[in-house]
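Contents: one structure, followed by commentary.
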Amino acid sequence: MMSYQLADGWTTVYFVRPAHGLVILHGAHIIDANVLGISSNRTTFGHRFESKKEIIEIQHADQYKEQMKAEGAVIVSFDERKALIKNALNEKAAHLSNQLTPIDDEDLLDEVTALVEYPNILAGEFESKFLDVPQECLILSMKANQKYFPLIDKNNKLANQFLIVSNISPKNSDLITQGNEKVIRPRLSDAEFFYSQDKKKPLKEYLSQLAHIVYHNKLGSQAERSERVKTIASLIVKNLNQTKLLDAVILTCDLSKADLSSNMVGEFPELQGIMGRYYALNEKISDEIAFAIEDHYKPRFSGDTLPRSTVGDIVAIADKIETLIGLFSIGEKPTGDKDPFALRRQVIGIIRILTEKNIDLNLNTVISESIQATKLAESKDLNSFIYDRLSNFFKDQGYAALDIEAVLAIESGLINEIPKRLNAIKEFLLLPESEDLASANKRVGNILKKADVKSSLKVNQSLLKDEAEINLYNTLDFVDAESRKEYMGKNYSGSLKLLCKLKNPIDQFFKDVMVNDEDESLKMNRLALLEKLYSAMNLVADLSKLSS
C-alpha cells in the first residue's frame with residue numbers, strides 16, 4: 000500500500016509487488032523522497048537471470064530505457080515489449096510452417112507482455128490425437144491455464160503446435176519446451192476425458208440437473224429460466240408470424256441450457272453453448288438447432304458475430320429479453336459504471352440482431368407481452384434504460400444526437416426501422432424547407448400543449464372561414480394521405496419530402512389566422528386542424544426536436 004500527495008490532498012493506492020528499490024531522477028539529479036520506507040537513489044536491478052550486472056546505476060533519466068535493456072536485459076516499455084512479442088510470434092509460426100499463424104487474442108497478448116521482461120518465443124507440440132477434442136476446449140485450456148498461443152491454419156483449424164513466451168533465453172531451450180509440453184498434456188487429457196464422458200448421454204438427460212443450478216436466488220433455477228425463455232420465444236414467433244419455426248424454436252429453447260450441467264462446461268464455463276452445439280451434432284440433431292444452441296448467447300461481446308439462422312435470432316432475442324425483464328423485476332439494474340449482469344450488453348445484442356438482420360419485431364410489444372406471460376414484476380426503469388442504450392448505440396454509429404432524439408421520440412418499437420428513419424432525417428435536413436418546417440412543428444406542438452386538448456379533435460370543414468386555413472386544410476389533406484402511403488411503404492425520405500408542400504400554407508396560416516379566436520367553435524376547429532397537421536408531420540420523427 001502506498002500513499003502520496005495530490006494537488007487536492009493525499010491518496011492511498013495498492014501496489015501489487017514488493018518494492019525493493021526506488022529511482023527518482025530529474026536529469027542526472029536524484030530527487031529526494033521516501034516511499035514505503037525506501038529512500039530514492041539511482042541504483043536498480045535488472046533481469047533476475049539475464050542481467051549483465053547485479054546492480055545497475057542509472058546516470059541520467061534519459062538513459063534509463065537503453066541502460067536497462069543493454070545492462071539489465073529488461074525492456075522497460077510495455078508497448079515495445081508487446082510489439083516485439085507480436086512480431087516474434089508471427090515469425091516463429093512462419094518458421095514452423097507458412098500455413099500457421101498464432102491465434103489473435105489481444106487480452107492474452109497484454110497479459111503475457113506484463114509477465115515478461117525480455118521475451119523469448121519457443122515452440123511446443125502435443126499429440127495429434129487430442130485434435131479429436133473440440134478445438135475451442137483445447138484453445139481455452141492452452142490460453143487460460145498456460146498462457147500459450149495456439150496455432151491455427153488458414154482454415155482456422157487448430158494445429159498440434161503452440162508457442163510459448165518465455166522470460167529466459169538459455170543456450171539450450173529444449174528443457175523449457177519439454178517442460179511446457181509435459182505440463183499441457185494432463186490438461187488436454189482432462190479435456191479429452193470430459194468430452195468422452197459428456198458424449199455418453201444425450202442432451203435431454205442433462206436437463207434434470209438444471210433444476211439444481213441456481214440462476215438467481217430471486218428468479219429460481221436454470222430450468223425455470225429456460226421455461227421463461229421458451230415462453231418469450233413463442234411470443235416472438237407469433238409476432239413475427241413464423242409459426243413454421245415454432246417446433247425448432249421450442250426444441251432449441253429446451254436444449255439451450257442443457258450443457259450447463261456437462262463436465263466440460265463445469266470446467267470451462269466460457270464454453271457454454273459451444274459444447275451444446277457439439278453434443279447436439281454428436282446425436283445427429285439438425286445443424287439449424289445445433290448452431291442455434293450455440294448462437295443464442297450471441298453477440299457475447301463488441302464485434303462478435305450474430306446468430307446464423309432465424310431460429311438462433313429468435314432464441315437469442317428471447318434469452319436477452321428474459322435476462323432484462325427478470326433482473327429489472329427484482330431491482331438488479333445497472334448503476335453508474337456498475338453492470339454486474341452485463342445488461343447493457345444484452346440490449347446492444349438485441350439492437351444488433353434486429354437492425355443488422357432487419358427483423359420486423361416490435362420490441363415494445365414483445366417486452367410487454369413477455370412480462371405478462373412470465374408473471375414477472377414490471378419495472379418502470381426498463382423502457383428508459385433501453386432508450387438510453389438505443390441513443391448511445393446510434394451515436395456510436397455516427398448519427399447526430401438531435402436526429403436520434405427526434406426519431407426515438409416516436410415510440411414505434413420497430414428497432415430495425417430506426418437506421419432508415421435516421422438516414423431519412425439526414426436527407427430531410429438538406430432540404431431548404433426543413434428548418435422552417437421544424438420550427439413550425441415546434442410552434443404547433445406548443446400551441447396544442449398550452450391548449451391542453453384532452454381528446455382527439457376532428458376538423459369541421461364548414462367552420463373553415465379564412466382562405467389561409469382552407470388552403471392549409473386542402474394541402475394537408477393531400478399531403479397527409481400521400482405521406483402516410485410513403486410511410487407505410489417504408490419510404491421515409493419520400494414521406495418527409497412531401498411535407499415541404501406544407502411550408503407556404505403553414506406560413507400563411509400563422510400570418511393570417513388567429514388560432515385562439517373569441518368564437519370557441521372556430522378556436523376548437525383550428526386546434527383540430529393543427530392537431531391533424533402535427534400528426535402528419537411527426538410520422539417519421541418528432542420534427543420539433545430538430546428546431547434550432
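Reading the sequence shown from the start, the letters are residues 0 to 547 in numbering that gives the first Met the number 0. Glycine residues also receive a C-beta, built at the ideal position from the N, C-alpha and C atoms. Every value quoted in this text rests on a predicted model; they were computed, and no experiment measured them.
Hey, residue i and residue j: beta-carbon distance below 7 Å or not?
i: Arg276; j: Ala257; result: no
i: Ala247; j: Val406; result: no
i: Tyr147; j: Ile163; result: yes
i: Gln134; j: Leu150; result: no
i: Ala527; j: Leu456; result: yes
i: Glu56; j: Arg80; result: no
i: Phe508; j: Glu468; result: yes
i: Asn490; j: Gly412; result: no
i: Leu495; j: Ala423; result: yes
i: Tyr117; j: Ile183; result: no
i: Ile385; j: Val443; result: no
i: Ala408; j: Ala317; result: no
i: Gly325; j: Leu218; result: yes
i: Ser50; j: Ala72; result: yes
In this structure, how does DSSP classify residue i when only helix, strand and coil are distinguished?
i: Ile102; result: coil
i: Gly178; result: helix
i: Ser220; result: strand
i: Ser38; result: strand
i: Tyr205; result: helix
i: Val111; result: helix
i: Pro149; result: strand
i: Thr304; result: coil
i: Leu413; result: strand
i: Val22; result: strand
i: Asn537; result: coil
i: Ile55; result: strand
i: Asn33; result: strand
i: Asn459; result: coil
Can you tell me the Cα-Cα spacing of residue i and residue j, whole angstroms?
i: Leu436; j: Leu542; result: 8 Å
i: Ser188; j: Tyr194; result: 10 Å
i: Val514; j: Glu410; result: 29 Å
i: Asn238; j: Ile313; result: 11 Å
i: Lys453; j: Asp518; result: 19 Å
i: Asp465; j: Asn524; result: 12 Å
i: Leu421; j: Ala399; result: 9 Å
i: Asn415; j: Lys356; result: 8 Å
i: Glu550; j: Ala341; result: Not covered by the structure: residue 550. The range shown for the chain is 0 to 547.
i: Arg388; j: Ser492; result: 25 Å
i: Ala315; j: Leu244; result: 14 Å
i: Leu360; j: Ser520; result: 43 Å
Apart from the five residues just before and just after residue i, which ones in its own chain have a Cβ nearer than 7 Å to its Cβ?
i: Gln221; result: Leu209, Ile212, Tyr214, Lys256, Leu259
i: Ser438; result: Ser546
i: Lys287; result: According to the sequence shown, residue 287 is Glu rather than Lys. The residues are Ala247, Ser308, Val310.
i: Ile505; result: Ala439, Leu471
i: Glu269; result: Leu139
i: Ala87; result: Pro118, Ile120
i: Gly26; result: His59, Ala60
Along the alpha helix (DSSP H) that carries residue i, what are the first and last residues, could you check?
i: Ala122; result: Run containing Ala122: none in the alpha helix (DSSP H); it sits in the beta strand (DSSP E), 119-124.
i: Phe327; result: 309-328
i: Gln241; result: Element bounds for Gln241: n/a, residue is neither H nor E.
i: His215; result: Taken as a continuous stretch (DSSP letters only), His215 belongs to no alpha helix (DSSP H), being part of the beta strand (DSSP E) at 213-215.
i: Val478; result: 466-487
i: Phe509; result: 502-511
i: Val132; result: Unbroken run through Val132: none, as it is neither H nor E.
i: Asn440; result: 433-450
i: Val346; result: 342-355
i: Asp387; result: 380-395
i: Ile292; result: 286-294
i: Met274; result: 273-281
i: Gly335; result: Element bounds for Gly335: n/a, residue is neither H nor E.
Hey, would you say the C-beta of residue i is under 6 Å away from at least one heavy atom of the ligand COA?
i: Glu377; result: Only the bare structure without any ligand can be found here, which leaves the ligand COA out of the picture.
For residue i, which residues from the same chain have a beta carbon less than 6 Å from its beta carbon, with the 5 sequence-adjacent residues on both sides left out?
i: Asn440; result: Met536, Leu542, Ser543
i: Glu404; result: Lys544
i: Leu280; result: Ala289
i: Lys379; result: none
i: Val512; result: Asp465, Ala467, Glu468
i: Ile370; result: Ile324, Glu377
i: Ala372; result: Thr230
i: Cys136; result: Ala190
Going by DSSP, what residue range makes up the beta strand (DSSP E) through residue i?
i: Ser165; result: 157-165
Quick one: residues in its chain with C-beta nearer than 8 Å to the C-beta of residue i, no 5 flanking neighbours on either side, listed in chain order?
i: Leu550; result: This structure leaves residue 550 out entirely; the chain is present only between 0 and 547.
i: Gln66; result: Ile55, Ile57, Gln58
i: Ser39; result: Leu21, Val22, Ile23, Ile29, Ile30, Asp31, Ala32, Asn33
i: Thr474; result: Lys500, Leu501, Pro504
Compare the C-beta of residue i against all C-beta atoms of chain B and say whether one is closer than 7 Å.
i: Lys181; result: The structure shown contains no chain B; it is built from a single protein chain.
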